[in-house]
Amino acid sequence: MVLPKGLARFNRVVTNRINKYVVNWAPGFGMLIHKGRKSGKEYRTPLNVFRTNDGFVVALTYGPDTDWVKNVLAAGSCTVVTRRRNYRVHSPELVHDESRQAMPIPVRQFLGLLNVDDFLLLKRD
Numbered sequence: 031m032v033l034p035k036g037l038a039r040f041n042r043v044v045t046n047r048i049n050k051y052v053v054n055w056a057p058g059f060g061m062l063i064h065k066g067r068k069s070g071k072e073y074r075t076p077l078n079v080f081r082t083n084d085g086f087v088v089a090l091t092y093g094p095d096t097d098w099v100k101n102v103l104a105a106g107s108c109t110v111v112t113r114r115r116n117y118r119v120h121s122p123e124l125v126h127d128e129s130r131q132a133m134p135i136p137v138r139q140f141l142g143l144l145n146v147d148d149f150l151l152l153k154r155d
């Protein structure tokens with residue numbers, strides 16, 4: 031089960047406007063800067079993002095078919111802003127992992143309640 035599209039619209043209009051102030055300092059938050067695959071326009075998407083040994087992982091709580099995921103996959107790279115630092119990332123990889131091993135344990139448990147099993151792995155330069 032991924033979160034409903036109505037909630038995604040609400041988050042885009044309301045929550046994302048608030049989160050853009052949190053992503054620079056709060057652990058587990060980040061801003062993904064990517065280009066539209068058709069428009070070429072720059073987009074900034076606030077997300078929960080977690081470090082891995084060689085980059086970052088993002089839980090796809092709305093599934094792998096969201097526009098921002100498609101944009102990152104098409105471009106092959108993007109920028110992650112977290113804790114006041116910019117990271118150029120590349121080689122995006124969709125992963126289906128029911129054990130959620132790349133996520134911190136408390137997050138893993140929460141995602142299990144939501145049945146979120148899809149993730150985007152991003153490698154750091």
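According to this note's numbering, the sequence shown is numbered sequentially starting from 31. Built from N, CA and C at the ideal position, the CB exists for glycine as well. None of these values were measured; they are calculated from a predicted model.
Report task. State the start and end residues of the unbroken alpha helix (DSSP H) segment that holds P136. Result -> Per DSSP, P136 is one residue of the alpha helix (DSSP H) stretching across 135 to 144.
Query raised in the report: So the alpha helix (DSSP H) L90 belongs to, where does it begin and stop?
Result: No alpha helix (DSSP H) contains L90, which DSSP labels as neither H nor E.
**Report entry** Nearest candidate by alpha-carbon position, reference R67, set D95, R130, L103
**Finding:** Here the closest residue by C-alpha is L103.
Query raised in the report: By the 10 Å Cβ neighbour count, where 16 or more other Cβ atoms means buried, how is R118 classified, buried or exposed?
Result: It is exposed - the Cβ of R118 has fewer than 16 other Cβ atoms within 10 Å.
Query raised in the report: Whose C-alpha, out of R81, N78, R74, F149, is nearest the C-alpha of D95?
Result: Answer by Cα proximity: F149.
Requested in this report: Go ahead and pull the three-state DSSP assignment for K71.
Outcome: Note: K71 maps to coil in three-state DSSP.
**Report entry** Y92 versus V137, D84, L77, K65, residue with shortest Cα-Cα distance
**Finding:** Taking only the C-alpha atoms, the option nearest Y92 is L77.
Query raised in the report: Looking at C-alpha atoms only, which residue of R81, A89, N101 is the closest neighbour of Y73?
Result: Checking every option, the nearest Cα to that of Y73 belongs to N101.
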